[in-house]
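Peer 1: The number in my numbering is simply the position in the sequence shown, starting from 1, with 4 added.
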Amino acid sequence: MPTPDDAVLKSLEGVTLSIRDLLSRWGFRVRDHASVPQIRLDLTSVGLTTVPDFATGPQDVEVEVVPIGLKHDVGVGVGTGDGDGDAEKDPADAAEEAVGKFPQTAMRVHDLRCADSVTSITPDETLSVAMGRMVEFGYSQLPVIDASGTLHGVVTWASIAHIHATGREMCLASAISSEYEIVNASAHLLPVLPTIREHEFVLVRAADGRVTGIVTSADLAGEFGTVARPFFTLGEIERRLRRCLGRVYDDSDVQQVHKKRKSVDELMFGEYIRLLDDEVRWAKLGWPLVDRDHFIGLLGRVKNVRNTVMHFNAPALRPEQLDLLDSFVSMLRLYDPDYRATSAA
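In structure tokens:
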């Protein structure tokens with residue numbers, strides 16, 4: 005979707021809408037390094053901003069589109085405007101600062117991919133069809149949902165084994181179990197985890213009452229690996245990078261990048277790039293085998309991935325993005341080894 009023209013942008017002044025709705029006006033579904041700077045830049049171009057800042061908080065929170073001057077009046081300015089001489093920020097850095105530390109928002113059930121798709125069977129199909137579908141997809145549970153979307157229960161391998169053990173008729177009706185838990189798609193995930201652990205699965209109900217997904221213990225394990233791997237890798241990247249830079253650069257170096265920062269630990273990720281994008285400061289780092297331009301390019305790409313990962317409901321990282329994180333952290337391990345050489349006493 006193209007950027008709204010100036011007339012459309014100006015018509016937003018005074019409008020109150022959810023962050024989700026605001027994103028949709030630009031054709032975006034999530035906030036990341038692409039969407040936040042684009043929306044902020046477009047609004048700023050016509051003298052507008054939002055209160056509160058649309059880059060923070062849950063997407064269901066409502067924001068008001070107001071003139072930039074009004075936002076400054078209430079002390080929530082886009083920029084400080086204090087003339088402290090700081091280096092001009094990249095719009096993506098503003099998004100990075102607004103997002104803050106991992107994770108930005110609490111994870112909800114609908115953030116799981118399996119919560120948005122469900123394979124089911126209708127009540128008028130046979131038990132053999134149900135079993136075949138479960139074998140085909142490797143499922144242990146299969147919801148029974150009619151054409152109107154009404155849930156009749158769940159067929160599980162345990163319920164099938166029960167009717168076999170009790171000598172009941174081997175038909176779908178006998179295998180349908182009412183022993184299941186159902187949770188809202190918008191529910192916070194953490195409180196739901198004990199229920200999933202106890203029952204091995206939960207059904208997911210959308211806002212309109214339809215069953216839209218099923219979350220199992222196995223799904224959680226897979227999702228955790230998908231979600232957690234970039235978080236842990238990025239965390240290691242930041243720790244090692246800060247240690248490498250902190251051993252070399254003092255407060256005078258840091259304040260050339262941002263006058264209000266006193267140490268490397270206080271710098272944002274984008275400010276690492278500005279710190280290193282200087283020949284004199286780069287030479288001070290003492291990495292003669294690393295090309296400065298190449299390293300800064302890699303660091304910029306890592307920063308973009310980092311901003312994407314800030315959002316639990318962001319699209320899953322592509323393999324090349326995961327490879328980038330892995331190769332970058334491997335490089336840092338060479339300059340920040342886990343062991344420390346000790347001198348003889």
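Virtual Cβ for every residue (Gly too), placed ideally from N, Cα, C.
Does the count of Cβ pairs from the stretch 7-21 and the stretch 45-54 closer than 8 Å reach three?
Peer 2: The stretch 7-21, when compared against the stretch 45-54, does touch it at the 8 Å Cβ threshold.
Peer 1: Just to confirm my understanding: we take residue 98, look at its own chain, exclude 5 residues before and 5 after, and list those with CB closer than 6 Å. What are they?
Peer 2: With a pLDDT of 47 at residue 98, under the threshold of 50, the predicted position of this residue should be treated as unreliable, though the coordinate-derived value follows. Cβ within range, chain order: n/a, list empty.
Peer 1: Please identify the residue among 218, 189, 205 whose C-alpha is closest to the C-alpha of residue 211.
Peer 2: Residue 211 has its Cα closest to that of 189, out of 218, 189, 205.
Peer 1: With DSSP as the reference, label residue 323 as helix, strand or coil.
Peer 2: Three-state result, residue 323: helix.
Peer 1: Going by alpha carbons, who is nearest to residue 278 out of 290, 253, 293?
Peer 2: That would be 253, whose Cα lies nearest to the Cα of residue 278.
Peer 1: Would you call residue 104 buried or exposed, if buried means 16 or more other Cβ atoms sit within 10 Å of its Cβ?
Peer 2: Any reading at residue 104 must be qualified, since the residue scores a pLDDT of 40, below 50, and its modelled position is unreliable; the value itself is stated next. Looking at its Cβ environment, which holds fewer than 16 other Cβ atoms inside 10 Å, residue 104 is exposed.
Peer 1: Decide if residue 345 is buried, meaning its Cβ has at least 16 other Cβ atoms within 10 Å, or exposed.
Peer 2: Residue placement at residue 345 is flagged as unreliable, the pLDDT there being 45, under the threshold of 50; a coordinate-derived value is accordingly withheld.
Peer 1: With DSSP as the reference, please indicate the residues paired to residue 66 in a beta bridge.
Peer 2: Residue 66 pairs with 22.
Peer 1: Starting from residue 52, follow the beta strand (DSSP E) in both directions and report where the run begins and ends.
Peer 2: 52-55 is the span of the beta strand (DSSP E), which, as asked, contains residue 52.
Peer 1: Using the three-state DSSP reduction, which class does residue 160 fall into: helix, strand or coil?
Peer 2: Note: residue 160 maps to strand in three-state DSSP.
Peer 1: Using DSSP's beta-bridge definition, name the partner residues of residue 192.
Peer 2: In DSSP, residue 192 forms a bridge with 112.
Peer 1: Just the C-alpha distance for residue 8 and residue 247, rounded to the nearest angstrom, thanks.
Peer 2: Those two C-alpha atoms are separated by around 44 Å.
Peer 1: Take the Cβ of residue 263 as the centre, count every other Cβ of all protein chains shown within 10 Å, and call the residue buried at 16 or more, exposed below.
Peer 2: Looking at its Cβ environment, which holds fewer than 16 other Cβ atoms inside 10 Å, residue 263 is exposed.
Peer 1: Taking the continuous beta strand (DSSP E) assigned at residue 208, which residues delimit it?
Peer 2: Element bounds for residue 208: 205-209.
Peer 1: Excluding the 5 residues flanking residue 156 on each side, which residues of the same chain have their C-beta closer than 8 Å to its C-beta?
Peer 2: Within the same chain, residue 156 has close Cβ partners 127, 148, 149, 150, 180.
Peer 1: Check whether the stretch 214-231 touches the stretch 111-126, counting contact only when three or more Cβ pairs, one atom from each stretch, lie closer than 8 Å.
Peer 2: Counting Cβ pairs under 8 Å, three or more are found: they touch.
Peer 1: Confirm, please, whether the CB-CB distance from residue 208 to residue 113 is below 8 Å.
Peer 2: Against a cut-off of 8 Å, the Cβ pair of residue 208 and residue 113 comes out as a contact.
Peer 1: From the DSSP output, which residues share a beta bridge with residue 217?
Peer 2: Per DSSP, 208.
Peer 1: State yes or no: is the C-beta of residue 111 within less than 8 Å of the C-beta of residue 21?
Peer 2: No.
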